[in-house]
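In the UniProt record's numbering, the protein residues as written are 1 to 520. The beta carbon of each residue, even a glycine, is placed where N, CA and C say it ideally should be.
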């Protein structure tokens, strides 16, 4: 480490020297063989606060020619670019970017860094220069590769550059922009783009254009707007496809408008579009949520609903059920408390070659716990293990929420320790022990939580304070409260109400009133 530090310092001293006796290449020659790409960002950074941009650029080119793999080292490029752009060496910066883009095309490292802002030297100026460089290099459109987690402004910035540089957008360009606006629920701008892309730029909206907005509307429950958009879609010569119908179906089912959901399936069949497994899964899920699971299996037509047997139609239409279908049915039966039917479904699943997964078992375990049959829940956990399915924190959290006999849960918890507890599980355990009045073990898990780098949150604090107050240890609860406030940690109304209730129970009304005033 000391040798590397010395190497970095000597190289940066040479770059900041105002009176060099030899050329930069000769001055660096004793150190060049030891330089690696990872050294360069540190060397460039050491040249602040008064760097010589031209000298740093020369140094960068020397490294490019002498250090293996340096030409693809993005951190070095971005560090130098920040210096060049800060000192308004725009043409040099753009030239570097164009060269790097050509080399970077198979990997698109620069593209990912720009979209995700994964570098400390990222700036708006760098983005603008990069967009211009990508267009000049005829590289991939920046926004076209933009994932949902990318900067929301990136596509709009790219678009403005395209127009300024007279690069004509196409339908795909507008679809990306529409997607960006819909992801932020800015449907007004999305619809404006849908109108102007044809009128101003001669780009014809396609199914993706409409489906993107329809999906956004459905997620927000705006089904009336969806109807209008479907009419507009047909008016412009486009027919809804499978994706369109499935999206609309999902929207209706989410709002439990099941008659319209079934009508959507009928419309798609009438239009010659074959429903797929996703179509049926959404419809079955909607029926189950509405407590009408039998109607998915009935052979007769329900007069008030107008729905023939949904699951039966799977085979008739050549659609194979999948694991998602089975899990939806199991969950629907469990929601209605029909555990025998749910277990029968589980047996049929196995017989038909479907292997139950985490979702299946966690659903059954949750239902058993809610009905108070913890023994059956444990049996399900044992069956999970016997099938080679690793118990996860969701499984244990489900069981622990329903446990009255904590020691029975401890036997199972030993298995979870091997894979590690999460923050929610710690809170569940602490709550369970407090409920039993075993504060010693509750605080033991609190301490273990801290040791394992999980930060106790306000929920943890409230659980412990309620446990202390329930056992008449209001003074200790007050100390815990004061300690949390002193360290600047969050407290909420539940915290205050717990303490106020505990103080009143102990007859300490003045202290309780003080807390009431503090809340106000």
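Considering residue i, what are the terminal residues of the alpha helix (DSSP H) in which it resides?
i           : result
residue 344 : 339-351
residue 372 : Taken as a continuous stretch (DSSP letters only), residue 372 belongs to no alpha helix (DSSP H), as it is neither H nor E.
residue 563 : There is simply no residue 563 to check, as the chain begins at 1 and stops at 520 in what is shown.
residue 25  : 24-28
residue 490 : That residue, residue 490, is in no alpha helix (DSSP H); it is neither H nor E in DSSP.
residue 448 : 439-451
residue 53  : 53-66
residue 225 : 223-235
residue 285 : 277-289
residue 179 : 171-183
residue 31  : It is not in any alpha helix (DSSP H) - residue 31 carries neither H nor E in the DSSP assignment.
residue 263 : 258-270
residue 328 : 323-335
residue 94  : 90-104
Excluding five sequence neighbours on each side, which residues of the same chain lie with their C-beta closer than 8 Å to the C-beta of residue i?
i           : result
residue 345 : 326, 329, 330, 333
residue 205 : 171, 174, 194, 197, 198, 236, 238
residue 491 : 458, 461, 481, 484, 485
residue 64  : 70, 71
residue 10  : 31
residue 39  : 4, 7, 8, 11
residue 178 : 190, 193, 194, 209, 212, 213
residue 445 : 426, 429, 430, 433
residue 255 : 221, 223
Can the beta-carbon of residue i be found less than 7 Å from the beta-carbon of residue j?
i           : j           : result
residue 460 : residue 427 : yes
residue 229 : residue 214 : yes
residue 282 : residue 250 : yes
residue 7   : residue 44  : no
residue 366 : residue 398 : yes
residue 476 : residue 468 : yes
residue 83  : residue 110 : no
residue 190 : residue 181 : yes
residue 578 : residue 268 : Outside the shown range of the chain, which is 1 to 520, sits residue 578, and nothing can be said about it.
residue 77  : residue 100 : yes
residue 12  : residue 46  : yes
residue 35  : residue 67  : yes
residue 474 : residue 437 : no
residue 385 : residue 362 : no
residue 380 : residue 364 : yes
Which residue from the options puts its Cα closest to that of residue i?
i           : options            : result
residue 292 : 203, 274, 335, 270 : 335
residue 264 : 290, 288, 226      : 226
residue 506 : 517, 472, 479      : 472
residue 242 : 210, 222, 392, 90  : 210
residue 176 : 163, 187, 156      : 156
residue 91  : 518, 54, 50        : 54
residue 355 : 376, 18, 383, 368  : 383
residue 337 : 371, 322, 454      : 371
residue 51  : 494, 14, 478       : 14
residue 389 : 358, 378, 442      : 358
residue 216 : 74, 187, 441       : 187
residue 25  : 517, 487, 62, 98   : 62
Can you list, in chain order, the residues of its chain whose CB lies under 7 Å from that of residue i, leaving out five sequence neighbours each side?
i           : result
residue 103 : 71, 72
residue 324 : 281
residue 144 : The predicted model places residue 144 with a pLDDT of 46, which falls under 50 and marks its position as unreliable; any figure quoted below should be read in that light. Correct list, in chain order: 172, 176.
residue 322 : 277
residue 510 : none
residue 341 : 333
residue 233 : 210, 240
residue 93  : 81, 84, 85, 129
residue 495 : 458, 461, 462, 465, 481
Apart from the five residues just before and just after residue i, which ones in its own chain have a Cβ nearer than 6 Å to its Cβ?
i           : result
residue 508 : none
residue 118 : Its pLDDT being 48, under 50, residue 118 is placed unreliably by the model, and the measurement read from it follows with that caveat. Taken in chain order, the list of residues that qualify is empty.
residue 274 : none
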